[in-house]
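>
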Amino acid sequence: MTAYIPHKDTLLILSKIQKSIITAYNAGKTQDNFIYPEYPLFAFAKEASQSENKKISGCSILFPEAENNELYFPFILTHEDGSKETLQIKFAKSNSSIKKAPEINSGAFPMQVRIFRKARAVIEYNSWQIFDEKWLKL
């Protein structure tokens, strides 16, 4: 599995937004509709992605979205040939279905990412390991 890991400054911004969304969503909620954080804040490509052999020319993180019982930041990789690949940085999970991501007032999106790492990742239970990491600067 390939992991795309944003720079630590970008991770700090994403974690602050993650915290504000979770806090706002859980305010006054009961246990039957509760969201909790999910880590790490990395984008994972499960199978061999098209970006393995193509040069990446751009990267951006968009407004949070919801799918089933998860919230995520869309992570868009743009290749030199103009093709795009969309991955997800999953940041929260719920014990019930989420129809829409909570609204936030953040001028951070869309976020243009210029520095990030690409690495091989192994995820087991509640831990992860990163191997063969390589810094990419766009």
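Residues 138 to 275, numbered by the numbering used here, are exactly what the sequence shown covers, in order.
Just so you know, even glycine gets a beta-carbon here, dropped at the ideal spot from N, CA and C.
As the structure is a prediction and not an experimental result, all values here were calculated from the model.
DSSP has SER264 in a bridge; who is on the other side?
Paired residues: GLU261.
> By how many angstroms is the C-alpha of ILE158 removed from the C-alpha of PRO239?
7 Å
> Apart from the five residues on each side of it in sequence, which residues of its chain come closer than 8 Å, Cβ to Cβ, to PHE253?
TYR141, ILE142, PRO143, HIS144, THR147, CYS196, TRP272 and LEU273
> By the DSSP assignment, the alpha helix (DSSP H) with LYS156 in it spans what residues?
145-163
> Of all the options GLN266, PRO211 and ALA229, which has the alpha carbon lying nearest to the alpha carbon of GLU222?
PRO211
> On the DSSP bridge list, what partners appear for GLY219?
Beta-bridge pairing links GLY219 to no other residue.
> Determine the closest residue to PRO174 out of ALA182, THR160 and VAL259, with distance taken between C-alpha atoms.
THR160
> Reducing DSSP to helix, strand and coil, say where LEU199 ends up.
coil
> Quick test of your reading: GLU217 and SER194, contact by CB under 8 Å. State the CB separation rounded to the nearest angstrom.
5 Å
> Hey, could you find the ends of the beta strand (DSSP E) PRO174 is sitting in?
172-174
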